[in-house]
Amino acid sequence: MKVFVNTPEKIAEMAAQRYVKLLNEKPTAILGHATGSTPLGLYAELAKLNAEGKMSYAKCTSFNLDEYVGLDGTHDQSYRYFMNENLFKHIDIRLDHTFVPSGLDTSAETAAAYDKAIEAAGGIDIQLLGIGNNGHIGFNEPGTPFGSLTHMVELTESTRQANARFFESIDEVPTHAVTMGIKTVMNAKSIILMAIGKSKAPIIKETIQGPVTEAVPASVLQLHPDVEIYLDYEAASLL
Ligand code: GLP
């Protein structure tokens with residue numbers, strides 16, 4: 000794993016350059032996108048670079064990591080809505096080339112079809128990840144088997160609490176989500192994980208320096224051949 004440490008602004012710029020390089024080398028790239036507050040700086044930077052003509056998303060395809068169960072794409076807390084508002088609207092990607100797991104159809108067949116669609120597209124070139132305070136990637140909570148593919152999960156209480164700030168009350172936070180599995184993520188050719196802020200420092204230390212264990216889902220990244228981790232000084236403070 001390669002670890003880069005800088006200010007939040009600088010790590011967004013550095014990570015964005017990976018996308019400029021990839022999209023210029025491979026305009027048909029398959030991109031795995033993530034939600035959360037962490038990638039917002041990166042997404043703003045990507046939109047800026049795209050507007051400046053540094054790269055184009057016109058031939059790209061995007062697959063998102065996860066979606067809340069029960070929210071459709073028009074709900075302002077759905078991850079589909081988040082992606083449209085924070086990235087897709089601001090870049091030249093075709094909306095019909097962007098995929099987010101369905102929060103309404105949670106059948107095993109539909110989950111399996113998501114993995115199949117990724118495979119049929121040629122596999123993900125860069126998978127972007129944030130990290131939960133408990134080490135979750137996507138919505139793969141501690142204990143998720145490393146062999147998992149796209150599936151429905153029950154969210155832990157700590158994850159619901161952490162995400163409650165975006166909803167009117169904790170009762171409105173969905174109890175379940177559909178997420179790419181750990182294996183889906185590990186199948187990506189390259190992975191970029193970003194973390195910002197002091198609250199992420201303990202889990203970043205475990206992820207990078209702790210044992211590889213299903214108790215810390217992100218620790219699996221130690222086994223991937225091409226992972227770049229972008230941290231601000233606070234998230235890196237315990238390394
Ligand atoms: C959610 C998402 C994750 C994300 C995490 C951290 O639970 N499912 O993909 O990494 O939140 O969010 P934030 O970046 O806001 O700290």
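Residue 0 is where the sequence shown starts when you use numbering that gives the first Met the number 0, and the numbers rise one by one after that. Where is the CB? At the ideal position from N, CA and C, for every residue including glycine.
Is the CB-CB distance between N139 and T178 below 8 angstroms? To locate residue 139, count along the sequence shown from 1; it is residue 140. To locate residue 178, count along the sequence shown from 1; it is residue 179. Closer than 8 angstroms, so yes.
In angstroms, rounded to a whole number, what distance separates the CA positions of V226 and T37? Counting from 1 along the sequence shown, the entry for residue 226 is found at position 227. Counting from 1 along the sequence shown, the entry for residue 37 is found at position 38. Using only the alpha carbons, I get a separation of about 17 angstroms.
Is N162 near the ligand GLP, in the sense that its beta carbon is under 7 angstroms from a heavy atom of that ligand? Taking the first residue of the sequence shown as position 1, residue 162 is located at position 163. At a cut-off of 7 angstroms, the beta-carbon of N162 counts as near the ligand GLP: some heavy atom of the ligand is closer than that.
8 angstroms Cβ cutoff met for A194 and I130: Translated into positions along the sequence shown, residue 194 becomes position 195. Translated into positions along the sequence shown, residue 130 becomes position 131. Taking 8 angstroms as the Cβ cut-off, A194 and I130 qualify as a contacting pair.
Counting only runs that start and end within the region 9–70, where is the beta strand (DSSP E) found for 3 or more residues in a row? The qualifying runs are 29–32, 60–63, 65–67.
Which residues DSSP lists as bridging I228, in chain order: Taking the first residue of the sequence shown as 1, we reach residue 228 at position 229. The bridge partners DSSP lists for I228 are V2, L192.
Rounded distance between the beta-carbons of F98 and S157, thought under 8 angstroms: Your numbering for residue 157 matches position 158 in the sequence shown. Your numbering for residue 98 matches position 99 in the sequence shown. About 28 angstroms; that fails the 8 angstroms criterion.
Measuring CA to CA, which of D91, A11, A107, G72 is closest to P26? In the sequence shown, counting from the first residue as 1, residue 26 sits at position 27. Ranking D91, A11, A107, G72 by Cα distance to P26 puts D91 first.
How long is the line joining the alpha carbons of S198 and A234, rounded to whole angstroms? As a first step, residue 198 must be located in the sequence shown, where it is residue number 199. As a first step, residue 234 must be located in the sequence shown, where it is residue number 235. One C-alpha to the other measures close to 7 angstroms.
Here's a check: name, in chain order, each residue in its chain whose Cβ is nearer than 6 angstroms to the Cβ of K240, leaving out the five neighbours to either side. No statement about residue 240 is possible, as the shown extent of the chain runs from 0 to 238 and does not include it.
Looking at I169 and the ligand GLP, is the gap between the Cβ and the nearest heavy atom below 7 angstroms? Within the sequence shown, the letter at position 170 stands for residue 169. No - the ligand GLP has no heavy atom lying nearer than 7 angstroms to the Cβ of I169.
Would you mind working out which of V211, V219, R79, L230 sits nearest K9, comparing C-alpha positions? The count along the sequence shown starts at 1 and reaches residue 9 at position 10. In terms of Cα proximity to K9, the closest of V211, V219, R79, L230 is L230.
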